[in-house]
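Asks: Sharing a structure, written as C-alpha cells. Questions coming.
In the working numbering, the protein residues as written are 262 to 545.
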C-alpha cells in the first residue's frame, strides 16, 4: 500500500488537465456534457474537479439535488476558502459550486477571475482533470475561462442558430490566439440526425476559413427524460443508469483521450498561465 507521504508527493507532481466546456448559445446542454465527462472520468478512477462557472445562473448542484453552503462567489469575496467550498459528488468527482441568483455576480470582473484562479492553484494538483462549465456566448468572462484552459469543448445542437453561435465562439477564440485543442460535441441529436452532418460541416468551415483543425468528439442523443430528472433533482442517478448516455459519453471521452494524457498545465500554475495570456493581450 502506498504511504501517505508518497501519495502527497505524487499529487504534487501531478499535472492537471484543464478542460472548458462552453457554447455559443444557451440551452444546448453544457451542464449535462460537463457532468457526463466528469462521471465517466471518475469511473476510470481519475480525480476530477467540476467547476460550475456559469456565472449568475449556475445549476450543477441543483440538478444533482446537492445543498450548498458556499460557492465560488464566496471564495472570490473572501467569505471562505476554496477547500471549504469544494464538495464531494461521488468517488473521484468533486464540485466547486457556482453562483446563482446573485445580481452582483453578473458583473464579473477580471480581478474576480484572477482571485478565483489564485485560489484554485492551491488545489488543482490534487486532480487529474478540472472541468470548467462556463456560461454561453462570446462575452469576456467566457473567453477568459476558455483562453486559460488546455482544451475547449464547444457544445452545440442540431439547430442553425446553435451551429452559427458555435462557429462564432470558435472564431473568437481563434482570433484571440487560443492555442489549445478545440473539440465539437453535438448534443440532443435525434436518431435521424446521428450521421453528424452538422458537426462535419462545422469542422469544415473552421478548416476552410481559419486553416485550423477541430476534432469531433461525438454526439449525445436527445433524451426526453433529462428535463424530467432535472426537475426531480436526480440527474446524476439517472445518467448512471442510462446505458445509451454513458455509452456515448464514454465514446466522447475515448476520443478526447486520443490527444494524450500529458496536456496538463499545472506547471506553470493555471493562474500564471492566465496572467501571461492577459499580459500578452494587453501588450498587443
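All C-beta atoms in this analysis are idealised placements derived from N, C-alpha and C, irrespective of residue type, glycine included.
Return the bridge partner residues of residue 482 from the DSSP annotation.
Replies: According to DSSP, residue 482 bridges with 450.
Asks: Is residue 545 helix, strand or coil when you go by DSSP?
Replies: The pLDDT assigned to residue 545 is 47, lower than 50, so where the model puts this residue is not dependable; a value taken from the coordinates is nonetheless given after this. Three-state result, residue 545: coil.
Asks: If we count Cβ pairs, one from each stretch, closer than 8 Å, do we get three or more for the stretch 372 to 388 versus the stretch 295 to 311?
Replies: As far as the Cβ criterion goes, the stretch 372 to 388 touches the stretch 295 to 311, which means the pair count is three or higher.
Asks: Using the rule of at least 16 other Cβ atoms within 10 Å of the residue's Cβ for burial, across every protein chain shown, is residue 485 buried or exposed?
Replies: Residue 485 should be labelled exposed.
Asks: Take the Cβ of residue 365 as the centre, count every other Cβ of all protein chains shown within 10 Å, and call the residue buried at 16 or more, exposed below.
Replies: So residue 365 ends up on the exposed side.
Asks: Reducing DSSP to helix, strand and coil, say where residue 390 ends up.
Replies: It is a strand residue.
Asks: What first and last residue would you give for the alpha helix (DSSP H) that runs through residue 511?
Replies: Per DSSP, residue 511 belongs to the alpha helix (DSSP H) from 504 to 518.
Asks: With DSSP as the reference, please indicate the residues paired to residue 348 in a beta bridge.
Replies: In DSSP, residue 348 forms a bridge with 356.
Asks: Starting from residue 278, trace the beta strand (DSSP E) in both directions and tell me its first and last residue.
Replies: Run containing residue 278: 278 to 284, per the beta strand (DSSP E) assignment.
Asks: Going by other Cβ atoms of all chains shown within 10 Å of its Cβ, with 16 needed for buried, is residue 280 buried or exposed?
Replies: Buried is the call here.
Asks: As a quick exercise: from 278, 459, 319, pick the residue whose alpha carbon is nearest that of residue 290.
Replies: Residue 290 has its Cα closest to that of 319, out of 278, 459, 319.
Asks: Do residue 303 and residue 353 have their C-beta atoms within less than 8 Å of each other?
Replies: Yes, they are a contact pair.
Asks: Are the Cβ atoms of residue 305 and residue 327 separated by less than 8 Å?
Replies: Against a cut-off of 8 Å, the Cβ pair of residue 327 and residue 305 comes out as no contact.
Asks: Roughly how many whole angstroms lie between the Cα atoms of residue 412 and residue 283?
Replies: Residue 412 and residue 283: Cα-Cα distance of roughly 11 Å.
Asks: Below 8 Å on the Cβ atoms is my contact criterion, and I expect residue 443 with residue 475 to pass it. Report the Cβ-Cβ distance as a whole number of Å.
Replies: Right, their Cβ atoms sit about 5 Å apart.
Asks: Using a Cβ-Cβ cut-off of 7 Å (strictly less than) and excluding sequence neighbours within five positions of residue 457, which residues of its own chain qualify?
Replies: These residues qualify, in order along the chain: 447, 477, 480.
Asks: Just list the residues that DSSP pairs residue 317 with in beta bridges.
Replies: 361, per the DSSP bridge assignment.
Asks: Let me confirm a value: residue 374 is counted as buried when at least 16 other C-beta atoms fall within 10 Å, else exposed. Which label applies?
Replies: Per the 10 Å Cβ criterion, buried.
Asks: Which same chain residues end up closer than 7 Å to residue 450 when comparing Cβ atoms and leaving out the 5 residues on each side of it in sequence?
Replies: Excluding residues within five positions, the ones whose Cβ falls inside 7 Å are 419, 480, 481, 482, 483.
Asks: Helix, strand or coil for residue 331? Go by DSSP, reduced to three states.
Replies: Reduced to three states, the DSSP call for residue 331 is coil.
Asks: Rounding to the nearest angstrom, what Cα-Cα distance links residue 278 and residue 498 in this structure?
Replies: Spanning the two alpha carbons is a distance of roughly 26 Å.
Asks: Which class does residue 299 belong to by DSSP, given the choice of helix, strand or coil?
Replies: Correct three-state label for residue 299: helix.
Asks: If you count every other CB in all the chains shown that lies within 10 Å of the CB of residue 368, and 16 or more means buried, which is it?
Replies: With fewer than 16 other Cβ atoms within 10 Å, it is exposed.
Asks: Determine the direct distance from the alpha carbon of residue 504 to that of residue 512, and round the result to whole angstroms.
Replies: Their backbone Cα atoms lie some 12 Å apart in a straight line.
Asks: CA-CA distance, residue 372 and residue 380?
Replies: Residue 372 and residue 380: Cα-Cα distance of roughly 12 Å.
Asks: Residues in its own chain within less than 6 Å of residue 441 by CB, not counting five upstream and five downstream?
Replies: Correct list, in chain order: 411, 412.
Asks: Using the rule of at least 16 other Cβ atoms within 10 Å of the residue's Cβ for burial, across every protein chain shown, is residue 526 buried or exposed?
Replies: With a pLDDT of only 48 at residue 526, under 50, the local geometry of the prediction cannot be trusted, and no value is derived from it.
Asks: Give the straight-line distance between the Cα atoms of residue 467 and residue 428, rounded to the nearest whole angstrom.
Replies: About 8 Å.
Asks: Does DSSP put residue 425 in a helix, in a strand, or in coil?
Replies: Reduced to three states, the DSSP call for residue 425 is helix.
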